[in-house]
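K.L.:
The structure under discussion is supplied below as structure tokens; questions concerning it will follow.
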Amino acid sequence: APRPGSPPPRPPPSPLNLHPRRSLSHSPLLVTFDPGPPASALRRPEDARPRPRPAARLVPARISPTPGTRPRQAVRRHQTPTGAEVRSRRLLRDVIERPFRGGPGAVESAIRYLASLFPRQLFEDALPPLVLKHQLYSLVRDRTAVDRQLSRLKDEGLIRLFQLGFDSDVFGVAFTQDYTVLQAVAGKEYAGMVRRFLETAFASCPELSYDNGRMLKDFGFRDPDITQLVNAGVLTVRDAGSWWLAVPAAGRFVKCFIKGRKAVLGMIQKAKYKEILLSDLQSRRAPSAVKLGLPYHIHDLIGAQLVDCIPSTSGTLLRLANS
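Under full-length UniProt numbering, the sequence shown is numbered contiguously, ending at residue 323.
Structure, rendered in structure tokens:
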């Protein structure tokens, strides 16, 4: 019995009121846990109401820090080449690694192949397919055979050679039937004079240049007539009393050609040791300045001896000349 004035005795410990340091394994009591009511029963009625979604935030458009500049564009992903691109790359490697032999029809075949690389749609078919003379040296390594066969094809009237105007050593080659169309002068005021020149001097004289004496005596072209031909772009001044045969509206081609050559040379210049495999160069995305196509410029660089072709176990290696 408790003593008078003493506190009431403590109740015995319940199974759920164990000592914090006493483990369950040493407890003689059977511990049972009551999971209690489900969580859904503890929810208040107002909690069951659907909560409103937060309002969408309006993100302001990115503004360029500097007025007049374009925002940075998204990085372009690598695109899988099409079947035509794969065949074109394989053909380019084949003709460079196994060039044409110096047979009778080698130069004509080389001209037709290079003419197929010319993007006529870029100039709205105003220009004939133009081939540079030194490009043929990338396909036929015997330069003497190239010059000899070019002279024969010119005398036969199959091709014509032109002066393009940006370098005295660079000449263009085109098939005669493609040149005589001359869509660039169609509908112009000097179209009649150009047609007269094509039917007389051009048809009977397959030379690269014309002098004043022959133009006047043999074909009857006076100074005002020659001035019209120069304005039409059919002739360009060589020196006093002499003119080169030219291609009308060839200035657009020359501009694209010079920019494209610099761009492709820059791609090789930035490569390690200033050399790159031909297959790697073909697989890269060409800069926007290369409007004539990588194969067209590759034949230009090889033929002009701006790069050296070095065979290797991995393929043809293009290295900058004198690097």
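Quick reminder that beta carbons are idealized off the backbone N, C-alpha and C, glycines included.
What residues are listed by DSSP as bridge partners for Ser209?
P.N.:
For the purposes of this step, residue 209 is taken as residue 209 along the sequence shown, with counting starting at 1. The partner list for Ser209 (beta bridge, DSSP) reads Trp244.
K.L.:
If I follow the unbroken alpha helix (DSSP H) through Glu108, where does it start and stop?
P.N.:
Within the sequence shown, the letter at position 108 stands for residue 108. Unbroken alpha helix (DSSP H) run through Glu108: 106-117.
K.L.:
Assess, as a yes-or-no matter, whether the segment 124-140 is touched by the segment 312-321 under the definition of 3 or more beta carbon pairs within less than 8 Å.
P.N.:
No: fewer than three Cβ pairs fall under 8 Å.
K.L.:
Assuming Ser312 is part of the beta strand (DSSP E), what are its boundary residues?
P.N.:
Indexing the sequence shown from 1 puts residue 312 at position 312. 307-312 is the span of the beta strand (DSSP E), which, as asked, contains Ser312.
K.L.:
How many Å lie between Gly105 and Leu301 at the Cα?
P.N.:
To locate residue 105, count along the sequence shown from 1; it is residue 105. To locate residue 301, count along the sequence shown from 1; it is residue 301. So the alpha carbons of these two residues sit roughly 24 Å apart.
K.L.:
At the level of alpha carbons, what is the spacing between Leu320 and Ala249?
P.N.:
As a working mapping, residue 320 is identified with position 320 in the sequence shown. As a working mapping, residue 249 is identified with position 249 in the sequence shown. Distance between the alpha carbons of Leu320 and Ala249: 32 Å.
K.L.:
I'd like to know whether the C-beta atoms of Asp211 and Trp243 end up nearer to each other than 9 Å.
P.N.:
If you number the sequence shown from 1, residue 211 lands on position 211. If you number the sequence shown from 1, residue 243 lands on position 243. In contact: Asp211 and Trp243 (Cβ atoms closer than 9 Å).
K.L.:
Is Val131 helix, strand or coil by DSSP?
P.N.:
Start at 1 with the first residue of the sequence shown, and residue 131 comes out as number 131. Val131 falls in the strand class under three-state DSSP.
K.L.:
Measure the alpha-carbon distance for Gln305 versus Ser151 and round it to whole angstroms.
P.N.:
Along the sequence shown, read from residue 1 onward, the residue named residue 305 stands at position 305. Along the sequence shown, read from residue 1 onward, the residue named residue 151 stands at position 151. For Gln305 and Ser151, the distance between alpha carbons rounds to 22 Å.
K.L.:
Helix, strand or coil for Thr180, going by three-state DSSP, please let me know.
P.N.:
The residue you call residue 180 lines up with position 180 of the sequence shown. Looking at Thr180 - three-state DSSP - the assignment turns out to be coil, as it is neither helix nor strand.
K.L.:
Which residue marks the beginning of the alpha helix (DSSP H) containing Ala145, and which one marks its end?
P.N.:
Translated into the one-based positions of the sequence shown, residue 145 becomes position 145. From DSSP, the alpha helix (DSSP H) with Ala145 extends over 143-155.
K.L.:
What separation, rounded to the nearest whole angstrom, lies between the Cα atoms of Gly213 and Ala186?
P.N.:
In the sequence shown, the residue the question calls residue 213 occupies position 213. In the sequence shown, the residue the question calls residue 186 occupies position 186. Roughly 28 Å between the two C-alpha positions.
K.L.:
Pair every Cβ in the segment 193-202 with every Cβ in the segment 218-225, then say whether three or more of these pairs are closer than 8 Å.
P.N.:
Segments in contact, yes.
K.L.:
In the DSSP assignment, the beta strand (DSSP E) including Arg238 goes from what residue to what residue?
P.N.:
Here residue 238 refers to the residue found at position 238 of the sequence shown. Looking at the DSSP string, the run of the beta strand (DSSP E) that includes Arg238 is 235-239.
K.L.:
Does DSSP put Leu301 in a helix, a strand or coil?
P.N.:
Locating residue 301 in the sequence shown gives position 301, where the first residue counts as 1. Helix, per DSSP.
K.L.:
Using 10 angstroms around the beta-carbon of Lys291, count the other beta-carbons present and answer buried if the total reaches 16, otherwise exposed.
P.N.:
On the sequence shown, position 291 is the one that residue 291 refers to. Buried is the call here.
K.L.:
How long is the line joining the alpha carbons of Val234 and Tyr273, rounded to whole angstroms?
P.N.:
Walking along the sequence shown from the start, residue 234 turns up at place 234. Walking along the sequence shown from the start, residue 273 turns up at place 273. About 44 Å.
K.L.:
Classify Glu124 as helix, strand or coil using the three-state DSSP reduction.
P.N.:
Working through the sequence shown from its first residue, we reach residue 124 at position 124. It is coil, neither helix nor strand.
K.L.:
Look at the alpha carbon of Arg93 and the alpha carbon of Arg284, and state the distance between them as a whole number of angstroms.
P.N.:
The sequence position of residue 93 within the sequence shown is 93, counting from 1. The sequence position of residue 284 within the sequence shown is 284, counting from 1. The straight-line gap from Cα to Cα measures roughly 15 Å.
K.L.:
Does DSSP put Phe219 in a helix, in a strand, or in coil?
P.N.:
Residue 219 sits at position 219 when you count from the first residue of the sequence shown. Correct three-state label for Phe219: coil.
K.L.:
Less than 9 Å separating the beta-carbons of Ala246 and Gly165?
P.N.:
The sequence position of residue 246 within the sequence shown is 246, counting from 1. The sequence position of residue 165 within the sequence shown is 165, counting from 1. Cβ atoms of Ala246 and Gly165: closer than 9 Å.
K.L.:
Could you pull the DSSP bridge partners for Glu275 from this structure?
P.N.:
Within the sequence shown, residue 275 is the residue found at index 275, counting from 1. Note: Glu275 sits in a beta bridge opposite Arg319.
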